[in-house]
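One structure is given here, and the rest of the page talks about it.
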Amino acid sequence: MNSTSPAATDAACFAQDIYIASLDEGNGKSLVMLAMMEMLSGLADNIGFFRPIIHSTPDKDDLIQFISHRYPVAVPQAAMYGCTSAEARELLAAEQYDELVKTILSKFRALKRQCLHVLCVGSDYSHGNAVFEFDFNADVANNLDCLIMPVIQGENRSNEQLLSSIASLKHSVHENGCELLASVVIGVAGNQLAGLRHDLNHAKGFPVYLVPAESSLEKPSVGNIAKALGAKVLCGEAAAMSREVYHYKVAAMLIPDFLDYVETGDLIITPGDRSDILLASIMAYSSASYPQIAGLILTGHQQPPPQVQKLIDGLGGTPFAVLAVDSDTFTTAMQVSQVPASLHSQDDRKIAAALGLIERNINMVELRLRLCSKVGHKTTPLMFEYDMLQRAKAQKQHIVLPEGNEERILLAAEILLLRDVVKITLLGNEAEIRQKIQNMALKLDAVNIVDPANSELRPLFAETYYEARKHKCIVYDTAYDLMADPSYFGTLMIHLGYADGMVSGAVHSTQHTIRPAFEIIKTKPGASIVSSVFFMCLEDRVLVYGDCAVIPNPNAAQLADIAINAAETARMFNIEPRIAMLSYSTGESGKGEAVDKVREAVKIAKSLRPELLLEGPMQYDAAVDASVAKTKLPNSQVAGRATVFIFPDLNTGNNTYKAVQRSSGAIAVGPILQGLNKPVNDLSRGCTVTDIVNTVVITAIQAQEAANRVPSSRLFCRVAGIGRRAGRRRHPHRRTRFRVERPNAGARCPGRNRPHRIDQAIADQRTGKRGLPISRDSGRCQASRQ
748 MNSTSPAATD
758 AACFAQDIYI
768 ASLDEGNGKS
778 LVMLAMMEML
788 SGLADNIGFF
798 RPIIHSTPDK
808 DDLIQFISHR
818 YPVAVPQAAM
828 YGCTSAEARE
838 LLAAEQYDEL
848 VKTILSKFRA
858 LKRQCLHVLC
868 VGSDYSHGNA
878 VFEFDFNADV
888 ANNLDCLIMP
898 VIQGENRSNE
908 QLLSSIASLK
918 HSVHENGCEL
928 LASVVIGVAG
938 NQLAGLRHDL
948 NHAKGFPVYL
958 VPAESSLEKP
968 SVGNIAKALG
978 AKVLCGEAAA
988 MSREVYHYKV
998 AAMLIPDFLD
1008 YVETGDLIIT
1018 PGDRSDILLA
1028 SIMAYSSASY
1038 PQIAGLILTG
1048 HQQPPPQVQK
1058 LIDGLGGTPF
1068 AVLAVDSDTF
1078 TTAMQVSQVP
1088 ASLHSQDDRK
1098 IAAALGLIER
1108 NINMVELRLR
1118 LCSKVGHKTT
1128 PLMFEYDMLQ
1138 RAKAQKQHIV
1148 LPEGNEERIL
1158 LAAEILLLRD
1168 VVKITLLGNE
1178 AEIRQKIQNM
1188 ALKLDAVNIV
1198 DPANSELRPL
1208 FAETYYEARK
1218 HKCIVYDTAY
1228 DLMADPSYFG
1238 TLMIHLGYAD
1248 GMVSGAVHST
1258 QHTIRPAFEI
1268 IKTKPGASIV
1278 SSVFFMCLED
1288 RVLVYGDCAV
1298 IPNPNAAQLA
1308 DIAINAAETA
1318 RMFNIEPRIA
1328 MLSYSTGESG
1338 KGEAVDKVRE
1348 AVKIAKSLRP
1358 ELLLEGPMQY
1368 DAAVDASVAK
1378 TKLPNSQVAG
1388 RATVFIFPDL
1398 NTGNNTYKAV
1408 QRSSGAIAVG
1418 PILQGLNKPV
1428 NDLSRGCTVT
1438 DIVNTVVITA
1448 IQAQEAANRV
1458 PSSRLFCRVA
1468 GIGRRAGRRR
1478 HPHRRTRFRV
1488 ERPNAGARCP
1498 GRNRPHRIDQ
1508 AIADQRTGKR
1518 GLPISRDSGR
1528 CQASRQ
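Taking the numbering used here, the leading residue of the sequence shown gets 748, the next gets one more, and so forth.
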């Protein structure tokens, strides 16, 4: 007795969606679709259907119409496809392949939210390169996180040709990184089945089902032809439309000669004024001496005269369907010859025959078990980007971009605003920025632009900065001057709640970008340093690398802090953190100062966060390769399946992420700063527009998390005495009154005549000196206390 309950099996199946893709032209894809839809409908009521690309509109797509009429699909037809072929061609012509896939992914995700399970059927064979067609469908299947089910046409092919096609398919599936459910070869000649099955028994790990040819399913029905030609049905019952057409004949002869050529299953094509052919066909159908035809088409925009129609009506109608078309006889005959066989939702005979054929030759129980055993999800770069965009849009944040004059920033801002992802403020001279927007023909009319030098907020920001930094001997005039700097102004916007996050660095240095954040925003609770991570987007997953950009030589405590913060960052972006603390040695095998530092960092991290899956030291191969992990760390919960990789120093991390990026084609997103109270992220000065868009989106998600963690500082509750103190006197730069406290001119300030201490703090953090650089409690650099 099977110990697995049906409910448990069904629940496991719901985790997977199926993508049927054809390697050839033909109707095999629709037959497999029918069988899979029947199987899935037995698992749940709420089953969806999706096509990535259709030719025109859903009301003209045969498969969408078939599914809509036969199954209780509860979504509108407009939700059942990604885009039209015209839209796809336009995007491809503009070299926007990724946008095409994102469009398909967006429509699929919207459908998926309404359905427990979705069956996808790939794009139709377009008489082009079959290999490219399959590669496209394989890529879409990966990005939709579907199990792929390829279909090969076996008609008119030898066993050698079919084995070659299967080998090519196996290579394509492997090259594209697809998760295979099973492959199907359909339409195989009966005398080839035994030999082909024998040859395929040696191909382990690549399941192939063989379905023999069935002549009744390879022929179009009268209904298929009527729909393809747009014919008018003059008479004939609904059942008559489901008859298979085995041959078509043009009737231009006299009756005696015509009757000699009639065969079973013929579709007779004749001009509409040939009433004699019509009447002879009716009589021949009823006669035991002649075969029965499938139907008749009258051409030339002509119908039977009233007298003939009256005669037919008196006989109780015709026993077969009579169709009428406007085209001439020759054109009609050519059109009929091109009509392929296809399923129709009302054609119960053909549907029953198709299901019987498939279910006799595909073990549906075995297939269902394979479906349930394939539980597991992949994350492609496009999926990761799409998920981030959707999260950012769900709770829109306000991001400030200090480099408002930079063209790449403006292009990225346009994309983000057109997609309604975030609210954006550009900093800089408004007239100059507006002129550049006009010159670039960008749609940024509604973007918010603030000039720090002339902003009404500048005095308030200067006072806030002065109050926060006066213990460092900062005077108000200096604070006021600093607020003209876009990086300082943007940071104060975040600090006081006028914005939620900041992205800079396309023009400015890293130090120029993050120094104001170190001074004002400081580290969040639980973080002692600011570090960074990169998201490494591989073909089927996203990994987290840290620290690859900020701290050159972290000590054990800093390494533990990086690991804990990297775990939180990974979880923030729906990556389950399994943390590998990397070194040149795995487990207890190695000795030396470097590996001892990693061991100490593991102890510190585990003492602070014992619930984390964190292990080390381990080598990179043991962390990422399950076969190596089985040998080196057989009982590890992390080895072989790590998602977060913590490098022992900046030299190792920076070179590794670049090596992986360049050698594997991975997309590196970052650096993403972690550990700050509110998000500020640094761009590379060589960044692309896509890099900027991704960094802004990530910053918005970090801002969402920060908003849920810390109440808004717009309340100014920690800004001492603003607007409340007595004894104020007017400052020449202020429109409001406030108290200015200046050091005694004759007293020596301990911070005067030496470099600004925050510069030294940054230098200390980057060189690993003096332990933890910033104390969250006092807001002072530890270096200044030593």
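Glycine included, every Cβ here is placed at the ideal spot set by N, Cα and C. The model shown is predicted, which means the values in this text are computed figures rather than measured ones.
Using a Cβ distance threshold of 7 Å, residue 1004 and residue 1046 do not count as a contacting pair.
About 5 Å separates the beta carbons of residue 1419 and residue 1280, which is inside the 8 Å limit, making them a contact pair. It is roughly 41 Å from the alpha-carbon of residue 1072 to the alpha-carbon of residue 908. Taking residue 954 as the centre and dropping the five residues before and after it, the same chain places the C-beta of 929 closer than 6 Å to its C-beta, in chain order. Residues of the same chain with a CB within less than 6 Å of the CB of residue 1449, apart from the 5 flanking positions on each side, are 1426 in chain order. Residue 763 counts as buried, since no fewer than 16 other beta carbons sit within 10 angstroms of its beta carbon. A check of alpha carbon separations from residue 1036 across 1051, 1023, 1058 and 1010 identifies 1010 as the nearest. DSSP, read as helix, strand or coil, puts residue 1428 in strand.
Annotation for residue 764: the continuous beta strand (DSSP E) segment containing it runs 764 to 769.
In terms of Cβ geometry, residue 977 and residue 988 do not form a close pair [threshold 7 Å]. Counting the other Cβ atoms within 10 Å of the Cβ of residue 1112 gives fewer than 16, which makes it exposed.
Counting only the Cα atoms, residue 916 lies some 12 Å from residue 880. Residue 1053 sits in a helix when the DSSP states are folded into three classes.
When rounded, the separation of the alpha-carbon atoms in residue 789 and residue 1148 is 53 Å. Distance from the Cα of residue 1315 is smallest, within the candidate group 1293, 1159 and 1302, for 1293.
At a Cβ-Cβ threshold of 7 Å, residue 1330 and residue 1349 do not count as neighbours.
The Cβ atoms of residue 1441 and residue 1127 lie no closer than 7 Å to each other.
Judged by DSSP secondary structure, residue 995 falls within the beta strand (DSSP E) whose first and last residues are 994 to 997.
Annotation for residue 964: 774, 778, 1088, 1097, 1100, 1101 and 1104 place their beta carbon closer than 8 Å to its own, counting only its chain and skipping 5 residues before and after.
Here the stretch 1397 to 1413 does not lie against the stretch 1248 to 1258, with fewer than 3 beta-carbon pairs under 8 Å apart. By the criterion of at least three beta-carbon pairs nearer than 8 Å, the stretch 891 to 911 is in contact with the stretch 927 to 942. When the Cα atoms are used, residue 1142 and residue 1443 turn out to be separated by approximately 14 Å.
By the Cβ criterion, the stretch 1241 to 1250 is in contact with the stretch 1426 to 1436, since at least three pairs of Cβ atoms, one from each stretch, lie closer than 8 Å.
Residue 1165 sits exposed, since fewer than 16 C-beta atoms from the chains shown fall within 10 Å of its C-beta.
The beta carbon of residue 861 lies closer than 8 Å to those of 793, 795, 821, 822 and 826 in the same chain, with the five residues before and after it left out.
Counting only residues of its own chain and dropping the five nearest sequence neighbours on each side, residue 1377 has a CB closer than 8 Å to the CB of 1387.
Under a 10 Å Cβ-count criterion, residue 1185 is classified as exposed, with fewer than 16 other Cβ atoms of the shown protein chains found around its own Cβ. In the three-state reduction of the DSSP assignment, residue 1358 falls in the coil class, being assigned neither a helical nor a strand state. By the Cβ test, the stretch 1316 to 1335 is in contact with the stretch 1346 to 1364, since at least three Cβ pairs between them sit closer than 8 Å. DSSP places residue 1293 in the uninterrupted beta strand (DSSP E) bounded by 1289 to 1293. Distance check between residue 1307 and each of 1338, 1054, 1218 and 1344 places 1344 closest, using alpha-carbon atoms only.
Per DSSP, the continuous alpha helix (DSSP H) segment holding residue 918 begins and ends at 906 to 922. Taking 7 Å as the cut-off, the Cβ atoms of residue 1236 and residue 1206 do not count as close. The alpha-carbon of residue 981 is positioned some 17 Å away from that of residue 968. Within the same chain, 927 come within 6 Å of residue 920 by CB-CB distance, once the 5 residues on both sides are set aside. Annotation for residue 776: the continuous alpha helix (DSSP H) segment containing it runs 775 to 788.
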